[in-house]
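Residue numbers (our numbering): 1363 to 1669. Glycine residues also receive a C-beta, built at the ideal position from the N, C-alpha and C atoms. Quick caveat: nothing in here was measured; it's all calculated off a predicted structure.
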Amino acid sequence: MSKLRSLLYIIKQSLENLLKNWYMLLASVFVLFTGMYIMGTLLITSGSISAILNEQAEHPEVEVICRSEVSDDDSLLIYRAILADDRVSTCKLNTKRDNFELMKKTLKGYEEIFQYEDADSSVLYVSFDIKLKSAGQLEAFSEDMRKVTGVEEVQDNDSIYKYFRSISRIVKTGTVVALIVMGFFSVLLTVNTIRLTVLARRKELRIMRDLGASYAFMRGPFIAEGITIGLISALLAFFAVKGTYNYLAGVLRRSEENIRSIITLKPFSTYSGGLLTGFMLGGLAVGLIASMLAIRKYIDTERDDEK
């Protein structure tokens, strides 16, 4: 029963302390929330880029564009040659009409471009969307296709792969920097918030000490205060990251098909468990470290006085 009363006292005192110093509470929560939000965003971005890289590596794609003078009938010869290649998994032939309709869809809202008499599919080209069986064959296959008569251009996703890989390195570096910088400022501000409470209750703490209260009991409200700040920040950051991710996923779903074919986002539930756990543990760690640092100086001073 006494343990329950002690626990209730600790909770009550920590809440009262937070309400008394609400302005510092808001500042601490804001800094810690911002740090967690940035780190969470960077971590999910890194995870999404890794998924894109894996997708690009597992399904290497090549687009072969023929010269405009190559007719649909002539393109069938190229099409059959591509299908006969052992390196090819699938191949889709896009006729001049297909590419013309795709251009009209892409340029929706600028229909006046297609009002000219010679604006028809004959001015466009035949193309092939090819998926290879192995990423290791991408460069050699692209070079072979450039030598085929009638081929104007060959585009592969190797450049996209390298682009996302470079972004991934930048994001990972940014995550480490954000972790160090925001972690430092979060602990510093939370320490100052709790230290204000320690100074305000210094007289009360001395009375508690004189009445025989242990230092562990005296630390209780301040540790609970730090943990509360950490957990509030963690929950706010989690829901903020979730809202941002779902919004961007919705924007992507409404984007053009060629963008969706490159960038795919997994459901937020893929990351939610690990992200929430990480935020909660991070909030607890910051709260504990900050509260211990804030009260350590006072406890050390009191112990020196006893000597």
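Within the same chain, show all residues whose beta-carbon is closer than 7 angstroms to that of residue 1553, passing over the 5 residues directly before and after it, in chain order.
Indexing the sequence shown from 1 puts residue 1553 at position 191. Taken in chain order, the residues that qualify are 1652, 1655 and 1656.
Hey, residue 1637 and residue 1390: beta-carbon distance below 8 angstroms or not?
Sequence index remark: in the sequence shown, residue 1637 carries index 275 (1-based). Sequence index remark: in the sequence shown, residue 1390 carries index 28 (1-based). No. Outside cutoff.
Is the CB-CB distance between residue 1582 and residue 1646 below 8 angstroms?
As a first step, residue 1582 must be located in the sequence shown, where it is residue number 220. As a first step, residue 1646 must be located in the sequence shown, where it is residue number 284. In this structure, residue 1646 does not lie closer than 8 angstroms to residue 1582 by Cβ.
Which ranges would you report for the beta strand (DSSP E) in the region 1421-1468 if only whole runs of at least 3 residues count?
1423-1428 and 1450-1456
Rounded C-alpha distance that separates residue 1424 from residue 1400
Your numbering for residue 1424 matches position 62 in the sequence shown. Your numbering for residue 1400 matches position 38 in the sequence shown. So the two alpha carbons sit approximately 36 angstroms from each other.
By how many angstroms is the C-alpha of residue 1439 removed from the C-alpha of residue 1492?
Here residue 1492 refers to the residue found at position 130 of the sequence shown. Here residue 1439 refers to the residue found at position 77 of the sequence shown. If you take the alpha carbons of residue 1492 and residue 1439, they lie about 15 angstroms apart.
Which same chain residues end up closer than 6 angstroms to residue 1481 when comparing Cβ atoms and leaving out the 5 residues on each side of it in sequence?
Position 119 of the sequence shown holds residue 1481. Here the model assigns residue 1481 a pLDDT of 49, short of 50, so the residue's position is not dependable and the matter cannot be decided.
Can you check which of these residues, 1612, 1518 and 1534, is closest to residue 1403 by C-alpha distance?
Here residue 1403 refers to the residue found at position 41 of the sequence shown. Cα-wise, what sits closest to residue 1403 is 1534.
For residue 1587, count neighbouring C-beta atoms within 10 Å of its own C-beta (all shown protein chains included) and say buried if the count is 16 or more, exposed if not.
Position 225 of the sequence shown, counted from the first residue, corresponds to residue 1587. Under this definition residue 1587 is a buried residue.
Secondary structure of residue 1509, DSSP reduced to three states
As a position in the sequence shown, residue 1509 is number 147, starting the count at 1. Of the three classes helix, strand and coil, the one that applies to residue 1509 here is coil, per DSSP.
Which of helix, strand or coil does DSSP assign to residue 1617?
Against the sequence shown, residue 1617 aligns to sequence position 255. Coil at residue 1617, not helix or strand.
Give me the residue from 1397, 1495 and 1650 with the minimum Cα distance to residue 1542.
Position 180 of the sequence shown, counted from the first residue, corresponds to residue 1542. The option with the nearest alpha carbon to residue 1542 is 1397.
Could you compute how far the alpha carbon of residue 1456 sits from the alpha carbon of residue 1489?
What you label residue 1456 is simply residue 94 of the sequence shown in a count that begins at 1. What you label residue 1489 is simply residue 127 of the sequence shown in a count that begins at 1. So the two alpha carbons sit approximately 5 angstroms from each other.
With DSSP as the reference, label residue 1593 as helix, strand or coil.
Working through the sequence shown from its first residue, we reach residue 1593 at position 231. DSSP places residue 1593 in helix when its eight states are reduced to three.
In the DSSP assignment, what residue or residues form a beta bridge with residue 1493?
Numbered from its first residue, the sequence shown carries residue 1493 at position 131. Paired residue(s): 1423 and 1452.
Can you tell me whether residue 1516 is helix, strand or coil according to DSSP?
By 1-based counting over the sequence shown, the position of residue 1516 is 154. Strand at residue 1516.
Residue environment, residue 1599, which counts as buried when at least 16 other CB atoms sit within 10 Å
For the purposes of this step, residue 1599 is taken as residue 237 along the sequence shown, with counting starting at 1. Looking at its Cβ environment, which holds 16 or more other Cβ atoms inside 10 Å, residue 1599 is buried.
When DSSP labels each residue in this structure, what does residue 1487 get in the three-state scheme?
Indexing the sequence shown from 1 puts residue 1487 at position 125. In this structure, residue 1487 counts as coil in the three-state DSSP scheme.
Give the single residue among 1406, 1525, 1502 and 1528 whose Cα lies nearest to the Cα of residue 1516.
Against the sequence shown, residue 1516 aligns to sequence position 154. Here the closest residue by C-alpha is 1502.
Rounded C-alpha distance that separates residue 1630 from residue 1528:
In the sequence shown, residue 1630 corresponds to position 268, counting from 1. In the sequence shown, residue 1528 corresponds to position 166, counting from 1. Between residue 1630 and residue 1528, the C-alpha separation is close to 24 angstroms.
Backbone CA spacing between residue 1426 and residue 1548 [nearest angstrom]
The residue you call residue 1426 lines up with position 64 of the sequence shown. The residue you call residue 1548 lines up with position 186 of the sequence shown. If I take the Cα positions, the gap works out to 53 angstroms.
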